[in-house]
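Numbering (my numbering), first residue to last: 1 to 799. Contents: one structure, followed by commentary.
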């Protein structure tokens with residue numbers, strides 16, 4: 001057997017001794033809460049005299065896609081919001097905790113009354129992307145939109161119409177679903193599946209478990225004794241309202257928490273006992289080395305693996321595939337001659353072999369334990385393999401189907417009736433063809449060339465190129481999509497997409513590419529209802545609090561009025577306004593999963609804002625399967641946990657995901673020739689100051705969390721860069737100039753640009769705000785056809 005024992009790939013020109021010296025220098029002091037001052041600017045306390053309000057209204061935090069759904073107390077005087085606080089209900093407890101909002105919710109007043117709110121309908125008068133518009137009336141806007149819808153339908157068919165991915169509003173009767181319902185009533189539109197957030201993890205998890213419901217309810221986390229937060233950052237990206245609260249309770253109960261992440265996140269600072277920095281894109285290498293330790297030291301749960309799994313070793317291989325490579329074969333190097341030792345993994349990941357050995361032993365022997373995966377690690381080339389790798393480690397340690405454990409993967413909450421999302425009925429789409437969310441630019445460019453081989457479902461290929469885009473609650477046409485400069489060129493060509501409509505509150509980068517921009521309401525100006533996002537433990541009523549300003553309208557009102565001009569208003573509204581739809585939604589759920597939810601009148605009268613479902617006995621994923629796997633088989637081909645996936649094996653697709661999780665070198669990495677030109681990896685995290693790109697124009701959140709690129713002192717010193725300097729970040733796709741923060745909270749050889757900064761190119765096309773998608777690639781993952789935007793190599797130099 002061969003083992004890679006050389007140190008040629010210790011990161012970025014450092015010797016192993018130098019790297020370990022840097023690692024040890026961090027010590028435990030790097031994990032103190034005080035180190036958060038490196039990313040939070042010092043803000044002078046600005047107390048204001050108390051003003052008596054006419055009303056105090058409890059409502060949900062405006063429903064952007066932050067990963068949480070929190071409760072706000074909104075103070076209103078003279079029909080204007082004067083103050084926003086958060087949930088302060090008494091009796092805060094593990095069964096029914098407070099839903100405390102972060103800075104984004106508490107700073108919303110600044111966004112609500114921002115002077116740059118869009119006021120009137122606008123028509124483009126310059127080139128797409130220039131941001132030159134003139135004011136028009138609503139009737140003029142509707143006439144143009146209806147005319148273009150009919151023209152596109154007549155010339156190309158409904159499959160040339162596209163309502164893109166949009167998560168800027170999740171309040172049941174506003175958001176992209178309002179437009180989807182409209183188009184479904186007039187012949188349909190091209191659909192999509194999966195998301196920018198979790199395409200790879202949602203696709204890969206069922207190959208192992210036959211379902212995406214792989215997580216215990218959060219109230220059970222407190223029973224865990226060992227928690228690995230692998231690329232998981234709930235303190236900043238939320239991942240369920242106040243998920244960090246349950247982790248703190250687990251820690252109070254004695255749990256040890258480990259954070260594995262290239263960056264020392266707020267979650268690592270606030271929750272973890274230890275931060276383990278890892279080279280981006282190498283998670284499977286560390287997972288494989290952990291498995292090697294468990295196998296060679298005989299500390300994995302052999303009984304669990306034998307009873308509940310297939311494909312772990314040659315004795316468990318599917319019929320007819322006995323000679324193929326099992327997971328154990330891969331780990332020990334039986335076929336490829338490379339055992340996946342901790343030393344092999346250190347050379348790839350930068351994680352010291354001693355650390356890998358210790359973490360493997362701890363995870364295998366401390367029970368119960370949970371390995372919880374965040375989504376950043378799967379938004380990479382071959383992201384699906386990292387997902388499956390985590391699931392396999394959970395199986396090897398027997399932490400599935402037990403209290404305090406976690407099966408890993410996407411970890412949707414164990415069945416309590418499912419999430420409360422998007423109840424507003426869109427109706428059936430007459431167009432059955434769908435594309436992967438991330439491939440919409442390919443559908444614009446290549447149209448009929450796009451086939452099932454690239455993720456098209458519902459038909460063998462597309463009927464048409466996308467010719468009309470109707471964008472609601474999204475900044476993903478430009479800002480949040482990959483390779484911004486390429487995407488901009490696509491949208492600038494009016495022979496490709498012939499007409500673009502955007503509903504917006506501000507002139508975002510996406511809005512600048514619209515032919516018609518329609519000004520829409522904020523959540524405080526309409527009726528709404530929201531749930532607990534990934535964890536459906538509560539229902540939050542969102543009453544209308546203030547009147548819409550200027551000529552702004554709700555998404556629902558706009559689509560209703562367009563529906564009238566298209567002759568389908570009665571079918572669209574069913575005689576209901578937005579408040580009526582909220583009442584209908586509540587009544588529908590009173591018939592099913594939430595029989596005790598108060599009706600709308602009771603909800604309003606109580607002014608509690610929230611109906612919580614107390615969780616006294618948390619549900620445990622796969623508990624029944626563990627009790628009796630024959631009586632309660634999984635929905636996999638074997639009925640068991642598939643460490644080796646026969647389905648993946650039979651795909652035999654070039655470049656596809658292997659049937660067992662293997663480390664695969666990414667197409668952009670420090671190990672490829674291009675690394676000489678672009679030697680630094682770039683990652684982007686969810687920033688406390690924004691919800692993706694929402695709030696990027698909020699001065700209050702920007703003061704607390706200014707947009708900076710984070711760079712390690714070692715890399716900064718090599719480039720004569722000091723903290724606060726302006727730096728140029730570039731690769732072949734584009735260039736950014738922005739200020740830097742020099743900090744030990746990022747791994748050497750890696751830079752971090754908080755995602756969501758609004759693309760702001762100067763006259764030379766250089767972005768001046770720090771939009772990371774200037775640098776990202778449009779390549780997609782091989783199985784889910786998902787977003788691989790975190791796979792980036794760049795160079796940085798002082799300006």
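Where is the CB? At the ideal position from N, CA and C, for every residue including glycine.
Please state whether DSSP places residue 263 in a helix, a strand or coil. Strand.
Tell me the start and end of each unbroken beta strand (DSSP E) in the stretch 76–127 that is at least 3 residues and wholly inside, in chain order. As far as the stretch 76–127 is concerned, its whole beta strand (DSSP E) runs of at least 3 residues are 80–86 and 122–124.
Considering only the alpha carbon of each residue, which of 779, 313 and 521 lies closest to residue 120? Measuring from the Cα of residue 120, the nearest candidate turns out to be 521.
Closest residue to residue 259 among 278, 245 and 250 (Cα-Cα distance): Checked all of 278, 245 and 250; the closest Cα to residue 259 is 278.
With a CB to CB cut of under 7 Å and the five nearest residues on each side skipped, what residues in its chain are close to residue 694? Correct list, in chain order: 64 and 168.
What residues match up with residue 655 in a beta bridge as DSSP calls it? Beta bridge pairing from DSSP links residue 655 with no other residue.
Along the chain, which unbroken stretches of the alpha helix (DSSP H) at least 4 residues long are found entirely within the stretch 601–643? 623–627, all fully within the stretch 601–643.
Check for me: the beta strand (DSSP E) holding residue 691 runs from which residue to which? Per DSSP, residue 691 belongs to no beta strand (DSSP E) and is neither H nor E.
Given this structure, state the Cα-to-Cα distance separating residue 491 from residue 639, to the nearest angstrom. Put simply, the backbone Cα of residue 491 is about 47 Å away from that of residue 639.
Looking at residue 767: is its Cβ nearer than 8 Å to the Cβ of residue 683? Taking 8 Å as the cut-off, the beta carbon of residue 767 is found no closer than this to the beta carbon of residue 683.
Just to confirm my understanding: we take residue 515, look at its own chain, exclude 5 residues before and 5 after, and list those with CB closer than 6 Å. What are they? The residues are 124, 499 and 500.
Tell me, which residues are paired with residue 436 by DSSP? Answer is 193.
Here's the rule: buried if 16 or more other CB atoms are within 10 angstroms of the residue's CB, otherwise exposed. What is residue 859? An answer regarding residue 859 cannot be provided, because it is not within the stretch 1 to 799 covered by the chain.
Using three-state DSSP, classify residue 309 as helix, strand or coil. Strand.
Between residue 292 and the ligand HEM, is there a pair consisting of the residue's CB and a ligand heavy atom that are separated by less than 7 Å? Absence of the ligand HEM is noted for the structure shown, with no ligands found whatsoever.
Since residue 636 contacts residue 412 with CB under 8 Å, what's their CB separation in whole angstroms? Beta-carbon to beta-carbon, residue 636 and residue 412 are separated by about 17 Å, too far to satisfy the 8 Å threshold.
What alpha helix (DSSP H) runs, 4 residues minimum, are completely inside the stretch 467–526? Segments of the alpha helix (DSSP H) lying fully in the stretch 467–526: 484–492.
Would a C-beta distance cut-off of 8 Å place residue 321 and residue 653 closer than the cut-off? The Cβ atoms of residue 321 and residue 653 lie no closer than 8 Å to each other.
Should residue 368 go down as buried or exposed, given a rule of 16 or more other Cβ atoms within 10 Å for buried? Classification for residue 368: buried.
Can you confirm whether residue 751, when its beta carbon is compared against all beta carbons of chain C, has any partner nearer than 8 Å? Looking for chain C here will not work: only one protein chain is present.
Give me the residue from 378, 649 and 463 with the minimum Cα distance to residue 201. Answer by Cα proximity: 378.
Between the Cα of residue 299 and the Cα atoms of 275, 357, 353 and 329, which residue gives the shortest distance? Selected option, being the one with the closest Cα: 357.
Return helix, strand or coil for residue 675, following the three-state DSSP convention. Here residue 675 carries a helix assignment [DSSP, helix/strand/coil].
Would you call the stretch 732–752 and the stretch 472–489 in contact, with 3 or more CB pairs under 8 Å? Using a Cβ-Cβ distance cut-off of 8 Å, the stretch 732–752 and the stretch 472–489 are in contact, since at least three pairs of beta carbons, one from each stretch, lie closer than that value.
Can you give me the C-alpha to C-alpha distance between residue 306 and residue 397, rounded to a whole angstrom? Rounded to whole angstroms, residue 306 to residue 397 spans 12 Å at the Cα level.
Determine the extent of the beta strand (DSSP E) in which residue 139 is found, giving its start and end residues. That residue, residue 139, is in no beta strand (DSSP E); its alpha helix (DSSP H) goes 138–156.
Does DSSP put residue 397 in a helix, in a strand, or in coil? DSSP places residue 397 in the coil class of the three-state scheme, outside both helix and strand.
If I'm right that residue 597 touches residue 554 with Cβ under 8 Å, what's the distance once you round it to whole angstroms? Not a contact, Cβ separation roughly 23 Å.
With a threshold of 8 Å, are at least 3 pairs of Cβ atoms found where one atom belongs to the stretch 132–144 and the other to the stretch 451–470? Segments in contact, no.
Just verifying my parser: in three-state terms, what is the DSSP assignment at residue 726? Secondary structure at residue 726: strand, using DSSP grouped into helix, strand and coil.
Could I get the ranges of all uninterrupted alpha helix (DSSP H) runs contained in the stretch 574–604, with 4 residues as the minimum, in chain order? 578–590, all fully within the stretch 574–604.
Please name the residue in 576, 479, 502 and 748 whose C-alpha comes closest to that of residue 509. Ranking 576, 479, 502 and 748 by CA distance to the CA of residue 509 puts 479 first.
Look up residue 133 in the DSSP assignment and give the residues it is bridged to. Beta-bridge partners of residue 133 (DSSP): 124.
With H, G and I counted as helix, E and B as strand and the rest as coil, what does DSSP make of residue 534? If DSSP states are grouped into helix, strand and coil, residue 534 belongs with coil.
For residue 621, which option in 191, 193, 211 and 332 has the closest C-alpha, if you only look at C-alpha atoms? Nearest to residue 621 by C-alpha distance, out of 191, 193, 211 and 332, is 211.
Reducing DSSP to helix, strand and coil, say where residue 180 ends up. The answer is helix: DSSP assigns residue 180 an H, G or I state.
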